[in-house]
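Below: the structure, in structure tokens.
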Amino acid sequence: VFPGILRVMQEPAEFPTALSASFGFVLLVYQGLSALAYMTYGSAVADNVLQNVPENALRTAAVVLITAHVLFAFALYLNPVFYLVEEDLGIEMASGAKQSPAQVTGRVVCRTVFVIFIWFVALIVPFFGDIMRLLGGCTMNACVLILPLAIYLKLHYRDIAPHRRFGIATLMFFGACIS
Numbered sequence: 003v004f005p006g007i008l009r010v011m012q013e014p015a016e017f018p019t020a021l022s023a024s025f026g027f028v029l030l031v032y033q034g035l036s037a038l039a040y041m042t043y044g045s046a047v048a049d050n051v052l053q054n055v056p057e058n059a060l061r062t063a064a065v066v067l068i069t070a071h072v073l074f075a076f077a078l079y080l081n082p083v084f085y086l087v088e089e090d091l092g093i094e095m096a097s098g099a100k101q102s103p104a105q106v107t108g109r110v111v112c113r114t115v116f117v118i119f120i121w122f123v124a125l126i127v128p129f130f131g132d133i134m135r136l137l138g139g140c141t142m143n144a145c146v147l148i149l150p151l152a153i154y155l156k157l158h159y160r161d162i163a164p165h166r167r168f169g170i171a172t173l174m175f176f177g178a179c180i181s
């Protein structure tokens, strides 16, 4: 997702600042909501806090909004995969370029087939939600902490002072331990 965002930014040099601000905002929202839920329900808070909320119009509205978010985010998360597949199929398009009808048709068919395949797998595989939670729990630290640091080390190894390399390696080690 980050390369796609970086590609469309007006000032790509501001990416680290924008990224830090975004992560900070999301952290504050999640911690605030988590603290509020725990203060309200204590140790009886469910994994899905909406299960603690009484069934009423507000809960229904929250479920509808969450569903809408998931549907829109689904397309956003798949965009990098779509770009790679479309590039391999010769349907590549530069940002802002005009597309031919054949490219649009190819893009629509490619994305539709891909989404139908994902939908089919989700319906066919028993306990798909449990499997996805396990994969997400096992890979989150690697994707968020270990891999970015490893890639940074690989790209800038010679430019990083030895004590900083040690610090980065230590962070990677602890990230692997808590995974």
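Read the sequence shown against my numbering and you will find it ends at 181, with the numbers running on by one and no gaps.
All C-beta atoms in this analysis are idealised placements derived from N, C-alpha and C, irrespective of residue type, glycine included.
Problem set entry | Close-in-space but distant-in-sequence residues of the same chain around A48 (CB under 6 angstroms, 5 per side omitted) | Hits under 6 angstroms: N54.
For this session: Please confirm whether G177 and L147 have their CB atoms less than 8 angstroms apart.
Result: Contact flag set, yes.
For this session: Compare the C-alpha of F116 against each of G131, F76, P128 and name the closest.
Result: It is F76 whose Cα lies nearest to the Cα of F116.
Exercise. Where do the ends of the alpha helix (DSSP H) carrying D90 lie?
Worked result: Looking at the DSSP string, the run of the alpha helix (DSSP H) that includes D90 is 59-90.
Exercise. Using a Cβ-Cβ cut-off of 6 angstroms (strictly less than) and excluding sequence neighbours within five positions of P14, which residues of its own chain qualify?
Worked result: The answer, listed in chain order, is L8.
Exercise. From this set, L157, P164, A144, D161, which residue's C-alpha is nearest F175's C-alpha?
Worked result: Minimum Cα distance to F175 is reached at A144.
For this session: Kindly give me the distance between the Cβ atoms of A63 and L52, rounded to whole angstroms, as I take these residues to be in contact under 8 angstroms.
Result: A Cβ-Cβ separation of about 11 angstroms leaves A63 out of contact with L52 under the 8 angstroms criterion.
Exercise. Is D49 helix, strand or coil by DSSP?
Worked result: Correct three-state label for D49: coil.
For this session: Work out the CA separation of H165 and L151 for me, nearest whole Å.
Result: CA-to-CA, the gap between L151 and H165 works out to about 15 angstroms.
Exercise. Which residue from L91, A124, A163, L155 puts its Cα closest to that of T107?
Worked result: Across the set L91, A124, A163, L155, the C-alpha of L91 shows the shortest separation from the C-alpha of T107.
Problem set entry | Reduced DSSP secondary structure (H/G/I, E/B, other) of P56 | Correct three-state label for P56: coil.
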